[in-house]
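J.: Submitted below is the structure of interest, expressed as structure tokens.
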Amino acid sequence: MKLNLRTNRLEEGSALAYCLWTSMLVGLGAYSLLNLSNYRIRAAHNRGDYNEAFYHAENALNWAAMYVSGNNNPAGTFSKSGGTLPLAYYSSLADSDASVTGFQDAWVVITPSTNAVSRVYTVKASAKVGDKVRTLVASVKKDPPSNVFDYEYFLNNWGWWWGAAITGSGDNRSNWDFDFRYSPTVNGHVVASGQIASSSVPIDPFNAASVPLAGLAKGDPLTYLKDSSERLTMPNLKDLAWYSSLAASKAGTLTAGTTVINAVHTNSVAPGLYLVGTAANPITINGPVVIPGDVVISGKLTGQGTLYVGGNLYIAGDLTYLNGPDFSSPPETMAPASRDSWVASAVSGKKDLVAFAVKQSIFGGGVNGADWKAACFDPADYGLKNVGGEATLGADGIRGTADDGIAYLDTNGDGVPDSAAYDADGDGVIRSNYNYSNDIQMNATKAALITGYPKDTSGKPVDFTTVSTGAFNRMDGVFYCNHALALWSTKANFVANGSVICRDEAMVFTSSLKLNYDSRINSRYADDPNRVVDLGLPIANKIALLSLKEVAPNDADYAAGQVANVAVQ
Numbered sequence: 132m133k134l135n136l137r138t139n140r141l142e143e144g145s146a147l148a149y150c151l152w153t154s155m156l157v158g159l160g161a162y163s164l165l166n167l168s169n170y171r172i173r174a175a176h177n178r179g180d181y182n183e184a185f186y187h188a189e190n191a192l193n194w195a196a197m198y199v200s201g202n203n204n205p206a207g208t209f210s211k212s213g214g215t216l217p218l219a220y221y222s223s224l225a226d227s228d229a230s231v232t233g234f235q236d237a238w239v240v241i242t243p244s245t246n247a248v249s250r251v252y253t254v255k256a257s258a259k260v261g262d263k264v265r266t267l268v269a270s271v272k273k274d275p276p277s278n279v280f281d282y283e284y285f286l287n288n289w290g291w292w293w294g295a296a297i298t299g300s301g302d303n304r305s306n307w308d309f310d311f312r313y314s315p316t317v318n319g320h321v322v323a324s325g326q327i328a329s330s331s332v333p334i335d336p337f338n339a340a341s342v343p344l345a346g347l348a349k350g351d352p353l354t355y356l357k358d359s360s361e362r363l364t365m366p367n368l369k370d371l372a373w374y375s376s377l378a379a380s381k382a383g384t385l386t387a388g389t390t391v392i393n394a395v396h397t398n399s400v401a402p403g404l405y406l407v408g409t410a411a412n413p414i415t416i417n418g419p420v421v422i423p424g425d426v427v428i429s430g431k432l433t434g435q436g437t438l439y440v441g442g443n444l445y446i447a448g449d450l451t452y453l454n455g456p457d458f459s460s461p462p463e464t465m466a467p468a469s470r471d472s473w474v475a476s477a478v479s480g481k482k483d484l485v486a487f488a489v490k491q492s493i494f495g496g497g498v499n500g501a502d503w504k505a506a507c508f509d510p511a512d513y514g515l516k517n518v519g520g521e522a523t524l525g526a527d528g529i530r531g532t533a534d535d536g537i538a539y540l541d542t543n544g545d546g547v548p549d550s551a552a553y554d555a556d557g558d559g560v561i562r563s564n565y566n567y568s569n570d571i572q573m574n575a576t577k578a579a580l581i582t583g584y585p586k587d588t589s590g591k592p593v594d595f596t597t598v599s600t601g602a603f604n605r606m607d608g609v610f611y612c613n614h615a616l617a618l619w620s621t622k623a624n625f626v627a628n629g630s631v632i633c634r635d636e637a638m639v640f641t642s643s644l645k646l647n648y649d650s651r652i653n654s655r656y657a658d659d660p661n662r663v664v665d666l667g668l669p670i671a672n673k674i675a676l677l678s679l680k681e682v683a684p685n686d687a688d689y690a691a692g693q694v695a696n697v698a699v700q
């Protein structure tokens, strides 16, 4: 056998074609892989730029919110490239090839509300990274009323409703536990930082039949009962200087007969004020007004504003709106559309809406009487005699909890906790329990410091029992104080239209108590010109975020930020 080693030309060509084809496939595969790799790298960069632009825009928005809070006229356009958006870290982000990649610019446009709502601004913040731009738009309110005014009943402490004859139509909140007894009617939400209980036993919202309440909260406890919620900060009125400036800027006024106060009561000899309104000569309050001392008030009330009181507010009898809205069908029990209509009607009709913001306490009825003291001050389980002290509250700031008396503060710097005190009202003073003679009773010394307080024939202030009564059953208005709200009503069927907000509460009534929330003060209407009344209420924060959304940038945004040829993704 002979082996022929001659090469077949056809086979040579076939092998060469195969090699070329294989090489081409390998090349195409390598090219595809390289292209895919480059694509993925570019996509990753784009995603990174897209996400980074959002964070820079968000920081620009935060800067703008702080700028609004600290300036009386914050409107304008601001940018990093223009040197008017001074976020220091932006400078460290500049890329060596800034025209192509990396952080390019950030800019903000702040405009006042176009719908005439006071102190509401639209903030549009944008940032560009690479060729990606993200834009956020927010509505913010400067010096907003505290959210405690969203509730008909708010306690910076334990909340308690003890009585089957209590009916509330509005939301309620406490900065600790909320305790119910005897199945009161609750037509609104109950929000507690601690637990919601009945006689100190936690209520089970998953078992509606067992919930010891009546009203909306009974029908749907999972919706209406919310425990373990965050605490809300109470506005602090320890320094009324800011509110005095507010009153002056808004030209607030108070008139009652021959009494006229423009913005601030300036009588340093008698800094308090005695007020009685009638249908013919009502107490008229428009805008914020500041009274540095105690105020004694009763009768007919009209206007739209807030009375700031530097001492105590004494409600000496019925206090009713002259031209108030109709609460016969409480707005918070209506369907949302009907409630909104009720609010719009009350606003357009300029119905009375007056708030009282009190630095100390609010007392209703004949506080000098033995029956008042027995009802509101002496009781062991809720009386003011046993509350108010701050020396032993412990770290949670709440009386009657497990950390009472347990030291947690190091006051001498030795590294060892030595104090259980908690400044619950934030006034810089660790208070003792309420003292009846010093904190509550209206004596001759206090009365002498009140402008207009009645005097006897010898020129001395008359006894408070002659100008006050427990036979009252009506309080119209928004009542806020940093300390106690206590009243003793001997007249049946007490009605409060507005809101009750305080630290300690001892409201004692006869027969029944109805609380009807005034929906006009709710923050849901903060940016609605048809449903908002700017009373100049107390604030807890300098700025509030009303809404936030992301929008696609447009040419106007680019021009404002001095940025052109921007690709939007």
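For the sequence shown, the positions run 132 to 700 when the numbering used here is used.
Where a beta carbon is used, it is the ideal one built from N, C-alpha and C, also for glycine.
Fair warning: this is a prediction, and the values are worked out from it, not measured in the lab.
So, with DSSP's three-state summary, where would you put V317?
T.: Here residue 317 refers to the residue found at position 186 when the sequence shown is read from its first residue. It is a strand residue.
J.: Tell me the rounded alpha-carbon separation between A602 and G434.
T.: The residue labelled residue 602 in the question sits at position 471 within the sequence shown. The residue labelled residue 434 in the question sits at position 303 within the sequence shown. Cα-Cα distance, rounded: 25 Å.
J.: Below 6 Å CB to CB, which residues in the same chain sit around A522 once its five sequence neighbours on both sides are set aside?
T.: Position 391 of the sequence shown, counted from the first residue, corresponds to residue 522. A552 and I561, listed in sequence order.
J.: Relative to the alpha-carbon of S492, which residue among G207, F185, D635 and V321 has its alpha-carbon at the smallest distance?
T.: Here the question's residue 492 lines up with position 361 in the sequence shown. Selected option, being the one with the closest Cα: D635.
J.: Should V593 and W619 be called a contact, given that it needs their Cβ atoms to be closer than 8 Å?
T.: Translated into positions along the sequence shown, residue 593 becomes position 462. Translated into positions along the sequence shown, residue 619 becomes position 488. Cβ distance not < 8 Å, so V593 and W619 don't count as in contact.
J.: Within 10 Å of its beta-carbon, does A505 have 16 or more other beta-carbons around it, so buried, or fewer, so exposed?
T.: Counted from its first residue, the sequence shown places residue 505 at position 374. A505 is exposed by the Cβ-count criterion.
J.: Could you say which of D274, K381, F625 and G519 lies nearest to G201 if we only look at CA atoms?
T.: Against the sequence shown, residue 201 aligns to sequence position 70. Selected option, being the one with the closest Cα: D274.
J.: Please return the same chain residues whose Cβ sits closer than 6 Å to the Cβ of S678, not counting the five positions on each side in sequence.
T.: For the purposes of this step, residue 678 is identified with residue 547 of the sequence shown, where counting begins at 1. S270.
J.: Is A477 helix, strand or coil when you go by DSSP?
T.: In the sequence shown, counting from the first residue as 1, residue 477 sits at position 346. A477 falls in the helix class under three-state DSSP.
J.: Whole angstroms are fine: how far does the CA of N564 sit from the CA of G520?
T.: What you label residue 520 is simply residue 389 of the sequence shown in a count that begins at 1. What you label residue 564 is simply residue 433 of the sequence shown in a count that begins at 1. The alpha-carbon atoms of G520 and N564 are separated by roughly 4 Å.
J.: For K357 and F311, what's the separation of their Cα atoms in angstroms?
T.: Translated into the one-based positions of the sequence shown, residue 357 becomes position 226. Translated into the one-based positions of the sequence shown, residue 311 becomes position 180. When rounded, the distance between both Cα atoms is 14 Å.
J.: CA-CA distance, T409 and I297?
T.: Position 278 of the sequence shown, counted from the first residue, corresponds to residue 409. Position 166 of the sequence shown, counted from the first residue, corresponds to residue 297. Their Cα atoms are separated by approximately 29 Å.
J.: With distance defined between alpha-carbon atoms, name the residue in P660, V498 and N288 nearest to T597.
T.: Here residue 597 corresponds to residue number 466 of the sequence shown, with the count starting at 1. Selected option, being the one with the closest Cα: V498.
J.: Please work out which residues of its chain come closer than 8 Å, Cβ to Cβ, to A206, disregarding the five sequence neighbours upstream and downstream, and give them in chain order.
T.: Position 75 of the sequence shown, counted from the start, is the residue given in the question as residue 206. The answer, listed in chain order, is I241, T242, P243 and Y252.
J.: Considering just the uninterrupted stretch of the beta strand (DSSP E) at P243, what are its terminal residues?
T.: The residue labelled residue 243 in the question sits at position 112 within the sequence shown. Where P243 is concerned, the enclosing beta strand (DSSP E) stretches over F234 to P243.
J.: How many angstroms separate the CA atom of A488 from the CA atom of S360?
T.: Locating residue 488 in the sequence shown gives position 357, where the first residue counts as 1. Locating residue 360 in the sequence shown gives position 229, where the first residue counts as 1. One C-alpha to the other measures close to 25 Å.
J.: Of the choices T415, I428 and T464, whose alpha-carbon is the least far from that of G403?
T.: One-based indexing of the sequence shown puts residue 403 at position 272. The shortest Cα separation from G403 among T415, I428 and T464 belongs to I428.
J.: Please state whether DSSP places T386 in a helix, a strand or coil.
T.: Counting from 1 along the sequence shown, the entry for residue 386 is found at position 255. In this structure, T386 counts as strand in the three-state DSSP scheme.
J.: Three or more C-beta pairs under 8 Å: does that hold for the segment 253–268 against the segment 182–201?
T.: Short answer: they touch.
J.: In whole angstroms, give me the CA-to-CA distance for D558 and V440.
T.: Translated into the one-based positions of the sequence shown, residue 558 becomes position 427. Translated into the one-based positions of the sequence shown, residue 440 becomes position 309. Answer to the nearest angstrom: the Cα atoms are 15 Å apart.
J.: Among the residues of its own chain, which have a CB less than 8 Å from the CB of V631, if the five just before and after it don't count?
T.: Position 500 of the sequence shown holds residue 631. Hits under 8 Å: E283, Y284, F285, F610, L616, M638 and L646.
J.: With a CB to CB cut of under 7 Å and the five nearest residues on each side skipped, what residues in its chain are close to K577?
T.: The count along the sequence shown starts at 1 and reaches residue 577 at position 446. Within the same chain, K577 has close Cβ partners D425.
J.: Let me make sure I understand the geometry here. Which of M365, N338 and F309 has the alpha-carbon closest to that of N672?
T.: The residue labelled residue 672 in the question sits at position 541 within the sequence shown. Among M365, N338 and F309, the Cα nearest to that of N672 belongs to M365.
J.: Does N182 come out as helix, strand or coil in the three-state DSSP assignment?
T.: In the sequence shown, residue 182 corresponds to position 51, counting from 1. Three-state DSSP puts N182 in a helix.
J.: With DSSP run on the structure shown, which of helix, strand or coil describes F285?
T.: Stepping through the sequence shown from its first residue, residue 285 is reached at position 154. Strand.
J.: Run the CB neighbour count on W289, radius 10 Å, all protein chains shown included, and call it buried at 16 or more, exposed below.
T.: In the sequence shown, counting from the first residue as 1, residue 289 sits at position 158. W289 is buried by the Cβ-count criterion.
J.: Leaving out five residues before and five after G583 in sequence, what residues of the same chain have Cβ atoms less than 7 Å from its Cβ?
T.: Looking up residue 583 in the sequence shown gives position 452. Same-chain partners within the cutoff: T390, L404 and Y405.
J.: Label N661 either buried or exposed according to how many other C-beta atoms from any shown protein chain fall within 10 Å of its C-beta, with 16 as the threshold for buried.
T.: As a working mapping, residue 661 is identified with position 530 in the sequence shown. Result: exposed.
J.: Which value, in whole angstroms, describes the spacing of the CA atoms of A339 and P333?
T.: By one-based count along the sequence shown, residue 339 stands at place 208. By one-based count along the sequence shown, residue 333 stands at place 202. Cα-Cα distance, rounded: 13 Å.
J.: Quick one, which of L540, L524 and D541 has its alpha-carbon nearest D534's?
T.: As a working note, residue 534 is residue 403 in the sequence shown. The shortest C-alpha separation from D534 is found at L524.
J.: Please state the DSSP three-state secondary structure of M573.
T.: Residue 573 sits at position 442 when you count from the first residue of the sequence shown. If DSSP states are grouped into helix, strand and coil, M573 belongs with coil.
J.: What first and last residue would you give for the beta strand (DSSP E) that runs through T298?
T.: Working through the sequence shown from its first residue, we reach residue 298 at position 167. Here the beta strand (DSSP E) through T298 covers I297 to S300.
J.: Along the chain, where does the alpha helix (DSSP H) that runs through S222 open and close?
T.: Residue mapping note: residue 222 aligns to position 91 of the sequence shown, counting from 1. First-last of the alpha helix (DSSP H) with S222: A219 to S222.
J.: Comparing alpha-carbon positions, which option in I670, A675 and I674 lies nearest P419?
T.: Reading the sequence shown from its first residue, position 288 is the one you call residue 419. It is I670.
J.: Going by the beta-carbon positions, is the gap between A237 and K211 smaller than 8 Å?
T.: The sequence position of residue 237 within the sequence shown is 106, counting from 1. The sequence position of residue 211 within the sequence shown is 80, counting from 1. A contact, by the Cβ cut-off of 8 Å.
J.: In three-state DSSP terms, what is I652?
T.: Indexing the sequence shown from 1 puts residue 652 at position 521. I652 falls in the helix class under three-state DSSP.
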